[in-house]
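Asker:
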Amino acid sequence: MTPAIEQARKAGVSHQVHEYVHDPSHESYGLEAAEKLGVAAEKVFKTLVVSLDNKKLAVGVLPVSSMLSMKRVAKAAGAKKAAMAAQADVQRATGYVLGGVSPLGQKKSLTTVIDESALRQDVIYVSAGRRGLEISLSPKDLADLLRATFTDLCQ
């Protein structure tokens, strides 16, 4: 059991865990998850960690088929600029490896923003903390667990 699954379980949040065989040659972890789980790409969300101009890290959660707007995530996190965080910083702050970063169960509590398109879904899928492992839950439950806000994050 990963820290992500444990956080949802401990909080008593309704969720399901989905496992599939990860193909290391696949170009996109998120699109691979959607394909292998037979789920529409707009229901599968990726977790991206950004470095803000105030030297803090923040998390953007958005559909796997979308591109993150650095301006929008920076503004939502209370900064002027954002850039993708270095791999070592991501792993140190979250405790997860790239391709398996979950917004749940991270080592450090980071400001998290979820793309507002999640609100159009009953259930969304996010990484459960390992490549080939997803957790599905309601967007509102995810936001409550993370103390996250919703805004338009996509380019």
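Numbering-wise, numbering that gives the first Met the number 0 puts 3 at position 4 of the sequence shown, and it's gapless, one number per residue. A virtual CB, placed ideally from N, CA and C, is assigned to each residue, including glycine.
(1) Once the 5 residues before and after residue 47 are set aside, which same chain residues still bring their CB inside 6 Å of it?
(2) By DSSP, does residue 143 sit in helix, in strand, or in coil?
(3) Per the contact definition of three or more C-beta pairs closer than 8 Å, is the stretch 91 to 99 in contact with the stretch 126 to 135?
(4) So what does DSSP say about residue 129, is it helix, strand or coil?
(5) Give me the residue from 76, 77, 40 and 83 with the minimum Cα distance to residue 65.
(6) In three-state DSSP terms, what is residue 6?
(7) Measuring alpha carbon to alpha carbon, tell me which residue in 38, 28, 7 and 53 is nearest residue 120.
(8) Please report the straight-line C-alpha distance between residue 116 and residue 45, rounded to a whole angstrom.
(9) Using 8 Å as the threshold, is the C-beta distance between residue 143 and residue 61 below it?
(10) Cα separation between residue 50 and residue 15?
Answerer: Judging by the given coordinates:
(1) Around residue 47: 59 and 67.
(2) Helix.
(3) Touching, per the Cβ criterion.
(4) Correct three-state label for residue 129: strand.
(5) 40 is the residue among 76, 77, 40 and 83 whose C-alpha sits nearest the C-alpha of residue 65.
(6) Shown here, residue 6 sits in a helix according to DSSP, grouped into three states.
(7) Just measuring C-alpha positions, the residue of 38, 28, 7 and 53 sitting nearest residue 120 is 38.
(8) As the crow flies, the alpha-carbon of residue 116 is around 13 Å from that of residue 45.
(9) No, these two residues do not count as a Cβ contact at 8 Å.
(10) Within the model, the alpha-carbon separation for residue 50 versus residue 15 is close to 31 Å.
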